[in-house]
Amino acid sequence: MAINQYYQVPKLEEYSEKFKDFFKFKRENGILEVKMHTKNGPVKWSYQFHHALAELWTVIGHDKENEVLILTSTDDKWINEWDTESFAEVEQSPDEDQRYNVQIYDTLKIVENFINDIEIPTIAAINGKGIHWEMCMMSDITLCTPDFVLQDDHFGMDSGHVPGDGMGLCLQEILGVKRGNYMMLTCEAMDAQTCLELGAVNEVVEREDIVDRAWEIAKGIMKKSRSCRRLTHYICVRPWKAVVERDFRIHVLSEMYSFNMSDSAHDFEYIKYDDK
Numbered sequence: 027m028a029i030n031q032y033y034q035v036p037k038l039e040e041y042s043e044k045f046k047d048f049f050k051f052k053r054e055n056g057i058l059e060v061k062m063h064t065k066n067g068p069v070k071w072s073y074q075f076h077h078a079l080a081e082l083w084t085v086i087g088h089d090k091e092n093e094v095l096i097l098t099s100t101d102d103k104w105i106n107e108w109d110t111e112s113f114a115e116v117e118q119s120p121d122e123d124q125r126y127n128v129q130i131y132d133t134l135k136i137v138e139n140f141i142n143d144i145e146i147p148t149i150a151a152i153n154g155k156g157i158h159w160e161m162c163m164m165s166d167i168t169l170c171t172p173d174f175v176l177q178d179d180h181f182g183m184d185s186g187h188v189p190g191d192g193m194g195l196c197l198q199e200i201l202g203v204k205r206g207n208y209m210m211l212t213c214e215a216m217d218a219q220t221c222l223e224l225g226a227v228n229e230v231v232e233r234e235d236i237v238d239r240a241w242e243i244a245k246g247i248m249k250k251s252r253s254c255r256r257l258t259h260y261i262c263v264r265p266w267k268a269v270v271e272r273d274f275r276i277h278v279l280s281e282m283y284s285f286n287m288s289d290s291a292h293d294f295e296y297i298k299y300d301d302k
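If you read the sequence shown in the working numbering, its first letter stands for residue 27, the second for the next number, and so on.
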């Protein structure tokens with residue numbers, strides 16, 4: 027008999043409690059649905075939510091009872107509201123270590139952990155307008171509602187922010203360098219139908235049906251063997267692993283260097299997706 031027992035990774039019951047302020051979980055037959063929320067309503071984006079996402083991907087990836095991931099959000103919005111106090115507390119703080127931890131480390135790990143720690147098929151169900159759709163574009167399958175808008179607003183804010191948190195990277199990778207560069211520098215918005223035509227999303231689905239459609243696809247995936255599902259995901263995610271390894275850190279570091287050199291702050295008044 028071996029000297030030591032295997033380390034017991036956290037179970038769904040454990041991490042659903044730890045993450046309850048940020049996510050709601052539902053798992054059936056290996057399909058894990060993760061629904062983002064803030065106090066049971068639409069997400070209020072914050073540095074705390076930032077951190078929770080980065081940590082979540084590792085926990086989900088290490089739980090071998092998870093076989094397919096569905097990611098969605100609450101009500102009729104993706105990420106389209108903000109906890110402005112959270113951003114002010116960090117961006118006005120003299121604590122350089124805190125700023126590094128949340129602005130650089132967590133920003134990196136939201137994407138890097140999603141790409142490197144999740145080893146099961148991923149389905150994003152974008153349930154409305156909002157920002158930080160990079161995880162959705164990097165998912166194996168991406169569904170969106172008819173009102174979804176693909177847009178990176180960074181460059182248009184106040185003195186301008188470098189679009190380096192992953193959305194710009196996705197625009198270049200999915201739409202091509204020239205179109206992606208144009209969208210970053212002009213902040214042009216692309217509607218859901220155009221996203222479908224250009225291959226940025228796989229299906230446009232009415233809001234009331236989008237999560238059910240994600241589950242329908244997930245159940246089809248679950249009919250295949252475990253090795254087939256997981257190794258097919260590995261092929262699906264391989265291009266993203268390559269571009270993230272090659273380019274993502276310079277994107278993030280460029281954004282945060284410029285952000286702090288210009289003494290900027292997030293201008294959430296500029297982001298008005300409901301007007302688009």
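Every residue gets a Cβ at the ideal spot worked out from N, C-alpha and C, and that includes glycine.
- Here the C-alpha atom of T98 lies approximately 12 Å from the C-alpha atom of G156.
- Of all alpha-carbon atoms in T220, L176, V230, the one lying nearest the alpha-carbon of M209 is that of L176.
- Residue pairing by DSSP places F51 opposite V60 in a beta bridge.
- Selection R272, K267, R275 evaluated against I141 yields K267 as nearest (Cα-Cα).
- With fewer than 16 other Cβ atoms from the protein chains shown falling within 10 Å of its own Cβ, N55 counts as exposed.
- Nearest in C-alpha terms to K249, of all of E39, E40, L222, I57, is I57.
- Annotation for I136: the continuous alpha helix (DSSP H) segment containing it runs 132-143.
- The beta-bridge partner set that DSSP reports for G206 is empty.
- DSSP places A268 within a helical segment (H, G or I) once states are collapsed to three.
- R125 has its alpha-carbon roughly 34 Å from the corresponding atom of C221.
- Beta-bridge annotation (DSSP): S112 is not paired with any residue.
- With a minimum length of 4 residues, the unbroken runs of alpha helix (DSSP H) contained wholly in the segment 60-129 fall at 73-88, 110-117, 122-125.
- Secondary structure at V263: helix, using DSSP grouped into helix, strand and coil.
- C170 carries a strand assignment under DSSP once its states are collapsed to helix, strand and coil.
- The secondary-structure analysis by DSSP pairs L222 with nothing; it has no beta-bridge partner.
- Distance check between W83 and each of G67, P68, E138, Y73 places E138 closest, using alpha-carbon atoms only.
- Pairwise C-beta distances place the segment 188-200 in contact with the segment 159-167, as three or more of them are shorter than 8 Å.
- In the DSSP annotation of this structure, A28 is not part of any beta strand (DSSP E), being labelled neither H nor E.
- CA-to-CA, the gap between R252 and N30 works out to about 28 Å.
- As a beta-bridge residue in DSSP terms, K155 pairs with K103.
- In this structure, C170 is the residue among A244, L201, I136, C170 with its C-alpha nearest to the C-alpha of A151.
- In the same chain as S72, and ignoring 5 residues on each side of it, the C-beta atoms closer than 6 Å to its own belong to D109, S112, in chain order.
- Residues of the same chain with a CB within less than 7 Å of the CB of S288, apart from the 5 flanking positions on each side, are S185 in chain order.
- Under the three-state reduction of DSSP, V230 is assigned to strand.
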